[in-house]
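A quick write-up on the structure given underneath.
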Amino acid sequence: MHFLSNEPIQNSITRKLAEDPNVKLDIILADSELSTSIRYEIPQLIDYITREDILPDLLKWALTREFEEIENSDRLRRSAVLALSSTSKSLQEKLQDNSIFIDSLQKAQKQNIEKDLLLCGHFQRIIEAFIRYTNGGFLQHFPNLTEFLIKNANV
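Structure, rendered in structure tokens:
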């Protein structure tokens, strides 16, 4: 990768997306350059992650156990959470008012995500990242979040 030049960044993810714009999400999640690519806000990756046909599965990876039987599911789940809770401004900008994103988070809250500590932690990391990015504005989408947190806090 050439981060200090004006040339577009080329890495394994950009090559995969150039070769096949419909590459399977689990291939992208398994890529060792995912974290760096998100951090450097590679446009092809941000656009891919926020596509209407990709985002629901990314959220399922992070907030459900639907893909439990897939090899390396723990690693892929962590990668999904890493992507959704990253500090990438371009990604957060695209997701902060995205109905698929917000609906999935609201659905997770309504489906008792607090009963699964792993998924609850993922939910918390994602919500916290967006609360920080929006200086609290993201909370407008979760009017019952305070009540939910008080009810389910384990002290």
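With the working numbering applied, the sequence shown corresponds to residues 5 to 159, in that order. Think of the CB as a built atom: it goes at the ideal place given N, C-alpha and C, for glycine as much as any other residue.
Report task. Just mark I131 as buried or exposed, buried being the case when its beta carbon has 16 or more other beta carbons within 10 Å. Result -> buried
Query raised in the report: Can you tell which of E23, L29, Q48 has the C-alpha that lies nearest to the C-alpha of F71?
Result: L29
Query raised in the report: Between which two residues does the alpha helix (DSSP H) carrying A157 extend?
Result: Premise fails: A157 is in no alpha helix (DSSP H) and is neither H nor E.
Query - Proximity of L67 and F146 at Cβ, strictly below 8 Å - result: no
Query raised in the report: From what residue to what residue does the alpha helix (DSSP H) around D35 run?
Result: Segment: none, D35 is in no alpha helix (DSSP H) and carries neither H nor E.
**Report entry** Where T18 falls: helix, strand or coil (DSSP)
**Finding:** helix
Query - Enclosing alpha helix (DSSP H) for D61 [first to last residue] - result: 59-67
Requested in this report: Can you check the segment 98-155 for any alpha helix (DSSP H) of at least 4 residues that lies completely inside it and give the ranges in chain order?
Outcome: 103-114, 121-137
Query raised in the report: Is the distance from the Cβ of L49 to the Cβ of S36 below 8 Å?
Result: no
Requested in this report: Assign Q96 to buried or exposed, taking buried as 16 or more other Cβ atoms, counted over all protein chains shown, within 10 Å of its Cβ.
Outcome: buried
Query - Simplified DSSP state of Y52, which is helix, strand or coil - result: helix
Query raised in the report: Between I13 and I46, what straight-line distance do the alpha-carbon atoms span, to the nearest angstrom?
Result: 7 Å
**Report entry** Residue environment, L63, which counts as buried when at least 16 other CB atoms sit within 10 Å
**Finding:** buried
Query raised in the report: Of the residues A133, S108, K20, L149, which one's Cα is nearest the Cα of W181?
Result: Nothing in the structure corresponds to residue 181, since the chain is present only between 5 and 159.
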